[in-house]
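Please read the structure below before turning to the comments.
Numbering (my numbering), first residue to last: 280 to 446.
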């Protein structure tokens, strides 16, 4: 397994729309393992392949306290969403930035597992929010783009300032 490089906003590659996985094979399983290792190391609770510059429809999520609940979603598709919630989100591609975002409270998602078997998952709370957040990445969207223009401008200037400090 390997730690992958996470792209940082506003990198243009974060806006690429991911393509469906045609075949779940050892390469996809290796990608899932590398993404999981990268997510845990970061540390985070979700990571989309887009964030590591692989533009395939693959997401890993683990909202458990003890890192025992790894969930891999290949070609995920939300088939229903309802309710409304506001939750403070962060993102491994937007380090140090946390903002409140509106999301559906409950989602039902269909996907393939790491063996290519289809499954359906009902999610609410943090898991539902994380699924929606990561699926946005697959569509080339970053959570800060759901915010007002003013907040986006402030975040960009803060990120640039932080970047100058690390150089």
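In this text, a Cβ means the ideal position worked out from N, Cα and C, and glycines have one as well.
Computed from a predicted structure; not experimentally measured.
Within the segment 314-373, no run of alpha helix (DSSP H) reaches 4 residues while sitting entirely inside it. Its chain contains 338, 413, 416, 417 as the residues whose beta carbon lies nearer than 7 Å to that of residue 327, once the 5 sequence neighbours on both sides are disregarded; these appear in chain order. Closest in C-alpha terms to residue 350, from the list 386, 409, 320, comes 409. The beta-carbon separation of residue 382 and residue 355, rounded to 15 Å, does not stay under the 8 Å limit for a contact. Here residue 404 is exposed. Its C-beta has fewer than 16 other C-beta atoms within 10 Å. Between the C-alpha atoms of residue 421 and residue 391 there is a straight-line separation of about 23 Å. In this model, residue 393 and residue 340 are separated by some 13 Å (Cα to Cα). For residue 359, same chain residues with a beta-carbon under 6 Å away, outside a window of 5 residues either side, are 387 in chain order. Distances from the alpha-carbon of residue 303 to those of 424, 397, 319, 373 put 397 closest.
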